[in-house]
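Protein chains in written order, with my numbering: chain A, -5 to 137; chain B, 295 to 453. Built from N, CA and C at the ideal position, the CB exists for glycine as well. Down below is the structure, laid out as structure tokens.
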Amino acid sequence: MQQLWILPLVVLAGMGLSVEAGLLGPLGEQIGHGWATLGIFGLGTLLLTLGLVFARPRLGRLFGKPRWMLVGGVLGPVYVGALTLATPHIGVGLTMVGILFGQVAASLVIDHFGWFGAGKRPVDHYRVGALVAILGALWFINI
Amino acid sequence: MLIIMLLLVVFSGAVLCAQSAINGRLGAEVGVLESAWLTFALGTLVSFLYAFLFEPPHAMTLFTVPRWQITGAFFGVLYMLVIVFAMPRVGTAAATVAVISGQLLMSLLVDHFGWFGNHVIHLGSSRMIAIGLLAVALVLIYKSNAAEAVTKRTQAITG
């Protein structure tokens, strides 16, 4: 870990995610949650397609993979859609902490059963502790 | 309403985790840009189908709202590029904790100041306690990821 200057960059990128959520909530209220979600994915796709045209795309490889590996794309809108739906009601902070809770909990379950070809791993006590702390944070953010 | 929304958000966090597990595999095998493109392309397809079939008409549309309101997409793509660049250089543990710190910090700021047309939720004493608990959680997540990296390395050495 010699390149410490990268870390502030990563923190900024994380802040960007909350800006995205902060923009999405009011947008969804105005034009509909479905359209707001489409706006995010539509623009993202256009930008990435532009990038791919100038890179060396090997899109054909995607379809040589087992189909379950491709469903990640279908799951994306669940997250963005939930952001636009939830932030106007519960705020960006609670939304982000809730998502963090879901992520850590799911990572424990995925590791335990070894889903998605990642290999089984025993329950990690650090992450259980983290989960408890996040649950406490959820409680305190609410009051 | 609060409980329903909270359940929805926790569920979507779990879905996000499953997605990154799947996309991680895919990205390693076909390339990061390719797998990101597929994620966004399929996301566009699914959200268009949903919006076109089920969304009731609104006074404003995607094309009439002020442009700055739809700039969220840039942050998503930028995030992806930064992560791809940073992960191998600083390690998963540090990168994960840095992302979450930035995310949580900014989300509390957006709430506190009501930026971008959000409701104002003040950063009171109970939220300060929550920040303390989240800091504990981040330390534990860092330790967990660091321990995992060590396990993987030992496995690689011992075969």
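Cα atoms of A:Tyr120 and A:Ala127: separation of roughly 11 Å, rounded to the nearest angstrom.
Listed along the chain, the chain A residues whose CB falls inside 7 Å of the CB of B:His352 are Gln24, Ile25 and Gly26.
B:Tyr344 places its beta carbon 8 Å or farther from that of A:Gly54. Between B:Val326 and chain A, the shortest Cβ-Cβ separation is not below 8 Å. The beta-carbon separation of A:Gly66 and B:Gln313, rounded to 5 Å, stays under the 8 Å limit for a contact. Between the C-alpha atoms of B:Ala443 and B:Ala388 there is a straight-line separation of about 11 Å. The DSSP-derived three-state label of A:Trp(-1) is coil. Chain order gives the chain A residues near B:Thr338 as Leu32, Phe35, Gly36 and Thr39, where near means a beta carbon separation below 7 Å.
Listed in chain order, the non-local C-beta contacts of B:Ala380 below 7 Å within the same chain comprise Ala389, local neighbours out to five positions each way being set aside.
Between the alpha carbons of B:Gly325 and A:Gly70 lies a gap of roughly 18 Å. The distance from the Cβ of A:Ala49 to that of B:Leu327 is about 6 Å, consistent with a contact at the 8 Å cut-off. For A:Leu44, not one C-beta of chain B is nearer than 8 Å to its own C-beta. Using a Cβ distance threshold of 8 Å, B:Ala367 and A:Gly22 do not count as a contacting pair. Counting the other CB atoms within 10 Å of its CB gives A:Trp(-1) a total below 16, which places it among the exposed residues.
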